[in-house]
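14 is the number of the first residue of the sequence shown in the working numbering; add one for each residue after it.
Cβ coordinates follow ideal geometry from the N, Cα and C atoms, glycine included.
To start, the structure under review is shown below, and the notes come after it.
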Amino acid sequence: MKKRIMIVKEGGTMIRLAQLNDLEVIDAIALRVIADMAESNIPQWDASYPRKTHYFQDVLQDSLFVYEVNDNIIGVMTLLKENDPPYETIDGWLCDHTNSLVIHRVLVDPSSRKQGIAQTLLNYAIELGVNQGYQSIKIDTHHDNYKMRAFLEKN
């Protein structure tokens, strides 16, 4: 991502590129989400992924975005230009793999769910993709992640 885009809304809500000094907070949210997924019998992530080291690389690539309210980060997503070899082996994409934006590692703090944060992050990704000329936005999830699957099915 070359453009440093921000969306500022009413009430101190903002989506912005993450910075290195955000990583401790992001990692703490990741641990809460991982624990929540385990309690919900969703085996997608464990204590080793996604963690600070993964998000560190995203920050270096200007691909990690945070959703914050009154300077408190409560949501996160990574947006990467498609270049993951595993995505090239997935059948069923509606377009080629050359010009897509891919959403990875979406987190919403469990204490802040059901407030439209994931929807706002998805809408932001779509807007960014359109503004930067991508042909498609892609996202996938673990088969057993019924919470994310339900979210994606309604979108």
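| Does the region 127-144 come close enough to the region 29-48 to have 3 or more Cβ pairs within less than 8 Å? | no
| Is Ser149 helix, strand or coil when you go by DSSP? | The residue labelled residue 149 in the question sits at position 136 within the sequence shown. If DSSP states are grouped into helix, strand and coil, Ser149 belongs with the strands.
| request: Please state whether DSSP places Ile55 in a helix, a strand or coil. | output: Numbered from 1 along the sequence shown, position 42 holds the residue referred to as residue 55. Coil, per DSSP.
| request: Decide if Thr66 is buried, meaning its Cβ has at least 16 other Cβ atoms within 10 Å, or exposed. | output: Your numbering for residue 66 matches position 53 in the sequence shown. Exposed is the call here.
| message | I'd like the span of the alpha helix (DSSP H) that includes Leu135, first residue to last. | response | One-based indexing of the sequence shown puts residue 135 at position 122. Run containing Leu135: Ile130 to Asn144, per the alpha helix (DSSP H) assignment.
| task | Note down the Cα distance separating Leu92 from His117, rounded to an integer number of angstroms. | result | Your numbering for residue 92 matches position 79 in the sequence shown. Your numbering for residue 117 matches position 104 in the sequence shown. Cα-Cα distance, rounded: 6 Å.
| query | Span of the beta strand (DSSP E) holding Thr66? | reply | The residue given as residue 66 occupies position 53 in the sequence shown. Not the beta strand (DSSP E): Thr66 falls in the alpha helix (DSSP H), residues Lys65 to Leu73.
| query | Under the rule that 16 or more other beta-carbon atoms within 10 Å means buried, what is Glu166, buried or exposed? | reply | For this step, residue 166 is matched to residue 153 along the sequence shown. The residue is exposed, with fewer than 16 neighbouring Cβ atoms inside 10 Å.
| query | Could you give the residue range of the beta strand (DSSP E) that holds Asn1? | reply | With the chain running from 14 to 168 in the structure shown, residue 1 is simply not present.
| field | Proximal residues to Gln132 (C-beta, below 6 Å), its chain only, five neighbours per side dropped | value | Taking the sequence shown and counting its residues from 1, the one referred to as residue 132 is at position 119. Answer for Gln132: no residue qualifies.
| Boundaries of the beta strand (DSSP E) in which Tyr80 is found, first to last residue | Within the sequence shown, the letter at position 67 stands for residue 80. Start and end: Leu77 to Val82.
| field | Sequence-distant residues of its chain with Cβ nearer than 6 Å to Gln128 (five each side left out) | value | As a first step, residue 128 is located in the sequence shown; it is residue number 115 there, counting from the start. Closer than 6 Å at the Cβ level, and outside the excluded window around Gln128, lies no residue.
| query | For the candidate residues Asn168, Ser53 and Leu30, whose alpha-carbon lies nearest to that of Lys151? | reply | Indexing the sequence shown from 1 puts residue 151 at position 138. When only C-alpha atoms are compared, the closest one is Asn168.
| task | Could you give the DSSP three-state label for Arg118: helix, strand or coil? | result | Mapped onto the sequence shown, residue 118 falls at position 105. If DSSP states are grouped into helix, strand and coil, Arg118 belongs with the strands.
| field | 7 Å CB neighbourhood of Ile139 in its chain, flanking five on each side removed | value | Counted from its first residue, the sequence shown places residue 139 at position 126. Contacts found: Ile150.
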